[in-house]
Amino acid sequence: MREKLKEIYHKLYSVFGPQGWWPADSPFEVMVGAILTQNTNWQNVSAAIANLKKAKALSAEKLSHLPFRKLAQLIRPAGYYNIKTKRLKNFLNFFLKKYQASIKKMTKKDLLALRHQLLGVNGIGQETADSILLYALNKPIFVVDAYTKRIFFRHKLINKNATYSQLQHLFMQNLKADVQMFNEYHALLVKLGKDFCRKNNPRCSKCPLQKL
DNA sequence: CACCAGGCAAGTA
DNA sequence: TACTTGCATGGT
């Protein structure tokens, strides 16, 4: 399996090249984006973030002072805007109270302790927590998502009921903990998923992993 | 028109 | 523990 995982990575990298994740101007923007992108395509999230920038509201201080309705209006294009406003507020409270909105302070915290803290925030689940850890704070943790699971299931590398933790351990116990590689690997799986492994599977037969 | 997107929590049994 | 459901916009 170790070799298989490496083989897949190198194949994807050679086909698609570096993906340049996470598309954002700052770690804080990554964290906001991680919450907004829950079960939503990136284009809609991008529009929501553009609204926040246009309103000059993209900072922990500004966002936390913004009235609920005002914030909900700004992030509307991202969908689920009421629940996401609540989740953003929950995260901001956490970020301000525990870390004084300091990325630097947050980065100093131990990886697993911080992950546990993030999971304690209502609205932050495993994928969102791991996305924040990897893409905002450069911590060596592997992000799993629906594409990861679907791709590995379709290639018969896992069974259908594999859990998030099982998938994550599969990667982390078989690969060296390398932030840059974890970054690229997850992004490449999303790219592969978008192009060849949608739910309603238009072109699974053309997937570059077929011939491995 | 139907289907889906870089999830998560709450409710039910 | 193991399902099920609500949340919502915008693109194909």
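Numbered by this note's numbering, the letters in the first sequence go through residues 19 to 230 in order.
C-beta atoms are modelled at their ideal positions from N, C-alpha and C, and glycine is treated no differently.
By a C-beta neighbour count over all protein chains shown, 10 Å radius and 16 as the cutoff for buried, is residue i buried or exposed?
i    : result
F86  : exposed
V162 : buried
T103 : buried
K167 : buried
G38  : exposed
M19  : exposed
R216 : exposed
T181 : exposed
F148 : Residue identity check: residue 148 is Asp in the sequence provided, not Phe. Buried, since its Cβ has 16 or more Cβ neighbours within 10 Å.
Q56  : buried
L110 : buried
Hey, would you say the C-beta of residue i is under 7 Å away from at least one heavy atom of the ligand GDP?
i    : result
C215 : This structure does not include the ligand GDP; it has no bound ligands of any sort.
Could you give the distance in angstroms between the alpha-carbon of residue i and the alpha-carbon of residue j?
i    : j    : result
K212 : H187 : 24 Å
Y98  : L206 : 26 Å
N201 : Y165 : 15 Å
L152 : Q144 : 12 Å
L70  : N179 : 38 Å
S82  : I67  : 15 Å
N108 : I93  : 15 Å
E79  : A119 : 8 Å
I121 : A96  : 24 Å
A75  : N140 : 22 Å
H173 : W60  : 26 Å
K88  : K72  : 13 Å
T125 : L155 : 6 Å
P226 : L84  : 46 Å
F34  : V50  : 27 Å
Taking the alpha helix (DSSP H) that residue i falls in, what are its first and last residues?
i    : result
Q198 : 197–214
F34  : 20–34
V50  : 45–54
S77  : Premise fails: S77 is in no alpha helix (DSSP H) and is neither H nor E.
K88  : 86–92
Am I right that residue i and residue j are in contact with their C-beta atoms under 8 Å? What's the rounded C-beta distance?
i    : j    : result
A195 : P158 : 4 Å
L30  : N192 : That pair is no contact at about 16 Å.
K116 : Q135 : 7 Å
E25  : L230 : 6 Å
M190 : F160 : 5 Å
I53  : R105 : 5 Å
Margin query: Threshold first: 4 residues or longer. Then list the alpha helix (DSSP H) segments lying entirely within the region 99–156, N to C.
Written below: If we require 4 residues or more, the alpha helix (DSSP H) runs fully inside the region 99–156 come out as 99–117, 121–126, 129–137, 144–149.
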